[in-house]
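Reading the sequence shown from the start, the letters are residues 0 to 51 in numbering that gives the first Met the number 0.
Even glycine gets a Cβ: it sits at the ideal position worked out from N, Cα and C.
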Amino acid sequence: MQQSPTGSFLKFTFGFVTFLVLSFGLTLAVSSYTKTQGSQQAAAAAIALMLK
């Protein structure tokens, strides 16, 4: 069974957009996790410095 060119294009476009959305979501999640870890470490270092 042959798929029409329009259906093939829509399938490709849907897959490509899905890939982009997942990539962007993963990048955003890693970025926010890294920022959170960095700010927690900075706060811990500041508190440790104040307690010395």
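How many angstroms separate the CA atom of residue i from the CA atom of residue j?
i          : j          : result
residue 51 : residue 37 : 21 Å
residue 43 : residue 9  : 51 Å
residue 14 : residue 21 : 11 Å
residue 7  : residue 45 : 57 Å
residue 28 : residue 47 : 29 Å
residue 49 : residue 30 : 29 Å
residue 23 : residue 32 : 14 Å
Taking 6 Å as the limit between beta carbons, can you name the residues of its chain near residue i, skipping five residues before and five after?
i          : result
residue 12 : none
Just curious, the alpha helix (DSSP H) that residue i is in, first and last residue?
i          : result
residue 40 : 4–50
Could you pull out every residue in the same chain whose Cβ sits closer than 8 Å to the Cβ of residue i, ignoring the five residues on either side in sequence?
i         : result
residue 5 : none
residue 2 : 10
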